[in-house]
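The sequence shown begins at 371 in the working numbering and counts up one residue at a time. All C-beta atoms, glycine included, are put in the ideal place defined by N, C-alpha and C.
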Amino acid sequence: MASAINYNSVWTSIFEPVSTFSFLKRYGRVSELTRRHDLPYHVIGSDLSGVVLRTGPGVNKWKPGDEVVAHCLSVELEDAEGHDDTMLDPQQRIWGFETNFGGLAHLALVKANQLMPKPGHLTWEEAASPGLVNSTAYRQLVSKNGAAMKQGDVVLIWGASGGLGSYATQMALNGGAIPVCVVSSADKAGLCRAMGAELIIDRAAEGYRFWKDENEQDPKEWQRFGSRIRELTGGEDPDIVFEHPGRETFGASVYVAKRGGLIVTCASTSGFIHSYDNRYLWMNLKRIIGSHFANYREAWEANRLIDKGMIHPTLSKTYPLAETGQAAYDVHRNLHQGKVGVLCLAPEEGLGVRDATKRERLLPAVNRFRNV
Numbered sequence: 371m372a373s374a375i376n377y378n379s380v381w382t383s384i385f386e387p388v389s390t391f392s393f394l395k396r397y398g399r400v401s402e403l404t405r406r407h408d409l410p411y412h413v414i415g416s417d418l419s420g421v422v423l424r425t426g427p428g429v430n431k432w433k434p435g436d437e438v439v440a441h442c443l444s445v446e447l448e449d450a451e452g453h454d455d456t457m458l459d460p461q462q463r464i465w466g467f468e469t470n471f472g473g474l475a476h477l478a479l480v481k482a483n484q485l486m487p488k489p490g491h492l493t494w495e496e497a498a499s500p501g502l503v504n505s506t507a508y509r510q511l512v513s514k515n516g517a518a519m520k521q522g523d524v525v526l527i528w529g530a531s532g533g534l535g536s537y538a539t540q541m542a543l544n545g546g547a548i549p550v551c552v553v554s555s556a557d558k559a560g561l562c563r564a565m566g567a568e569l570i571i572d573r574a575a576e577g578y579r580f581w582k583d584e585n586e587q588d589p590k591e592w593q594r595f596g597s598r599i600r601e602l603t604g605g606e607d608p609d610i611v612f613e614h615p616g617r618e619t620f621g622a623s624v625y626v627a628k629r630g631g632l633i634v635t636c637a638s639t640s641g642f643i644h645s646y647d648n649r650y651l652w653m654n655l656k657r658i659i660g661s662h663f664a665n666y667r668e669a670w671e672a673n674r675l676i677d678k679g680m681i682h683p684t685l686s687k688t689y690p691l692a693e694t695g696q697a698a699y700d701v702h703r704n705l706h707q708g709k710v711g712v713l714c715l716a717p718e719e720g721l722g723v724r725d726a727t728k729r730e731r732l733l734p735a736v737n738r739f740r741n742v
């Protein structure tokens, strides 16, 4: 019924860092069953809300007619390594990016252990938008596999109004932490305030430039940035830095984290090759943790928070399926706030609400995060 755009949709569309057809070719060599993924077209999309049309042999939990959302972890679980944390399965793949038949289509192919109940108070497009980013933020920030955030932690969140950062901001607020939201415009600062955040840094207005040129960073800008954080927090440095821009910000992230603090990273949207001053890491006992999407339990818990109305979708705009290219362009050029949705079989926005009473109760919060 609906899907959404993620940054992996951008990477696929621009064939960087590699063409995803290479993923499909490798996957197609695994078995006779996976060969169907190796085709001269790639149906992308790592988010989904919709209705189960048909199930295969051995599927017991779901049946045709069930209204569901899908998370994007595709695993085989034939190896022992994946049974403590399915993200460690050697055959772990991101559905709709490293596999075919993703969510940006009228029909999608998913595994039974990707499905979760669709929150009944949300429309199709609202329900489709949290999947990848909400689960990613949960593992990165809340889970014991990530930062294991606790009450009172100061959390620096880059891109705090975006598709990923907006969920991290909500989780920090709901978990009793203190988010310091970094944004790039006054409008995006407004979205953070709508979520309830009070400590906000507008990078554009305050003119931070962490790189002198293409090859050299500016430690004085790290220092100025760190001073601004302490000014907002009453003298405290971040316990956790929620990292995903990568090359542009990573040196600053390592510098500003508190002694013994964490830099937890899940992406590199501004570049994959990171440079930082290692003295600030080893001499101050800081740690860098890599975090990638979420296992089924983490995704289920993140969806449960949505269903209970504790976390809300941040959907700024919805496009029809035919305009998916423009939707991906918006995300690529950072022209969006929150998530950008795509209608698939849903003929118009606003459909799919099954629990009108819950929606009415949560409507002020739902509207506050919608189309800001």
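Buried versus exposed call for residue i [16 or more other C-beta atoms within 10 Å across all chains shown]
i, result
"T390", "buried"
"P608", "buried"
"P489", "buried"
"E377", "Checking the sequence, you will find Tyr at residue 377 rather than Glu. Buried, because 16 or more other Cβ atoms sit within 10 Å of the Cβ of Y377."
"G430", "Reading the sequence as shown, one finds Asn at residue 430 and not Gly. N430 should be labelled exposed."
"W528", "buried"
"N741", "Below a pLDDT of 50, predicted positions are generally treated as unreliable, and N741, at 49, falls in that range; no measurement from the model is reported."
"L403", "exposed"
"Q707", "buried"
"Q484", "buried"
"L569", "buried"
"E386", "exposed"
"D647", "exposed"
"G722", "buried"
"G364", "There is simply no residue 364 to check, as the chain begins at 371 and stops at 742 in what is shown."
Residue j beta carbon less than 7 Å from that of residue i
i, j, result
"L543", "G566", "yes"
"T684", "K709", "yes"
"G679", "S640", "no"
"R573", "S554", "yes"
"S505", "H453", "no"
"V380", "V701", "yes"
"G773", "Q587", "A query on residue 773 cannot be resolved here, the shown segment of the chain reaching from 371 to 742 and no further."
"A726", "I375", "no"
"I633", "S623", "yes"
"S661", "R563", "no"
"I610", "V480", "no"
"L561", "A538", "no"
"A716", "W494", "yes"
"D436", "S373", "no"
"V550", "I599", "yes"
"G415", "G472", "yes"
"R629", "N665", "no"
"Y625", "W592", "yes"
"G458", "E448", "Per the sequence presented here, residue 458 reads as Leu, with Gly not at that position. Cβ distance not < 7 Å, so L458 and E448 don't count as in contact."
Contact belief for residue i with residue j at Cβ below 8 Å, rounded distance in angstroms
i, j, result
"S499", "G711", "5 Å"
"V438", "M486", "6 Å"
"A475", "C714", "6 Å"
"A507", "L477", "With 8 Å as the limit, A507 and L477 do not qualify as a contact, their Cβ atoms being about 29 Å apart."
Coil, strand or helix - residue i by DSSP
i, result
"M371", "coil"
"G820", "There is no way to answer for residue 820, as the model of the chain reaches only from 371 to 742."
"N741", "Confidence in N741 is poor, its pLDDT being 49 and thus under 50, which makes the residue's placement unreliable; the coordinate value appears in the next sentence. In the structure shown, N741 sits in coil (DSSP, three-state: anything other than H, G, I, E or B)."
"P734", "helix"
"G708", "strand"
"R405", "helix"
"P589", "helix"
"C551", "strand"
"W465", "coil"
"G660", "strand"
"T382", "helix"
"F595", "helix"
"M486", "strand"
"S536", "helix"
"T694", "helix"
"V480", "coil"
"A440", "strand"
Selection from the options that minimises the alpha carbon distance to residue i
i, options, result
"T425", "K433, S419 and K728", "K433"
"G604", "V611, I610 and G596", "G596"
"R724", "L492, V413, L423 and F385", "L492"
"E584", "L602, A627, E576 and I643", "I643"
"D408", "F393, V421, V422 and I599", "F393"
"A482", "V503, S444 and A530", "S444"
"R463", "F663, P717 and A698", "F663"
"A530", "D523, K590, K520 and A559", "A559"
"I384", "F467, W528, V421 and E451", "F467"
"R667", "R399, G398, T382 and K514", "K514"
"E718", "Y689, P387 and N704", "Y689"
"I676", "N665, L691 and Q540", "Q540"
"G545", "C551, G522, G435 and V552", "G522"
"E613", "E671, E386, I571 and S638", "S638"
"I571", "Y397, R594 and W670", "R594"
"D557", "N704, T635 and R396", "N704"
Residue i at chain C interface by Cβ criterion, 7 Å
i, result
"V550", "No chain C is present in this structure, which holds just one protein chain."
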